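These notes are about the structure you will find just below.
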Amino acid sequence: MGRYIDDILQPGEKVLYSTNAHWIFYWPAIVAWLVAIAFFILSRLVVADTPTLLCLALAAIAAVAALYKMLTAWFHRWTTETDVTNLRVVHKTGFIKRRTFEMSLDKVESVDVNQSILGRLLNYGNVTILGVGEGKETISTIASPLAFRNFITAR
């Protein structure tokens, strides 16, 4: 399966910048894996049978939750594309149920970037694009939001 942007490029249009959902989407999975490892280690430190089995069961539950969170985060990142071409901004999410947003660069009125402190440290944030007569669209938790904004506003 190819990239969405490659399928919709018009003659003479070229991709200037591409970004994706930030890796912070993996954070819940990372925490769940750490909890699973902690319960597994705790099960090896406990001598009695009942607490050992309880810790192993909790470790297995945390591992299943971590695996689920990891796969959903990967799938979200895999099915999300955000690109700037020389003619427009394109954002696509979804696999079976696809949602796309496209706006001509000529219609972009302003581009706002919202970043938390952690977002500034890890270089992710939300970008809101306001279009002339086209409404407003917010793209959440993308990597390198300032570079993305600069490619939209620089002409």
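Heads up: the sequence shown begins at 12 in the numbering used here, then just goes up one per residue.
Backbone N, C-alpha and C fix where the C-beta goes; we use that ideal spot for every residue, glycine too.
Since the structure is predicted, the reported quantities are computational estimates derived from the model, not experimental observations.
Residue range Asp60 to Trp89 is occupied by the alpha helix (DSSP H) that includes His87. Non-local beta-carbon contacts of Ile35 in its own chain, meaning distances under 7 Å to residues more than five positions away in sequence, involve Leu133, Tyr135 and Thr152 in chain order. Going by DSSP, Ser29 is part of the beta strand (DSSP E) stretching over Val26 to Thr30. Burial state of Val101 is buried, judged by a 10 Å Cβ sphere holding 16 or more other Cβ atoms. The C-beta distance from Thr30 to Phe159 rounds to 5 Å, short enough to fall under 8 Å.
Fewer than three Cβ pairs drawn from the stretch 42–51 and the stretch 121–133 lie within less than 8 Å of each other, which leaves the two stretches out of contact. Beta-bridge annotation (DSSP): Ala154 is paired with Tyr135.
For His87, the closest of Lys118, Val119, Gly105 and Cys66 by C-alpha to C-alpha distance is Gly105. Within a 10 Å sphere around the beta-carbon of Asp117 sit fewer than 16 other beta-carbons, which makes this residue exposed.
In the DSSP annotation of this structure, the continuous segment of the alpha helix (DSSP H) that includes Phe51 starts and ends at Trp38 to Leu56. For Asn161, DSSP records no beta bridge to any residue. For Phe112, DSSP records a beta bridge to His102.
Scanning Leu82, Leu64, Arg55 and Lys25 for the CA closest to the CA of Pro39 turns up Leu82.
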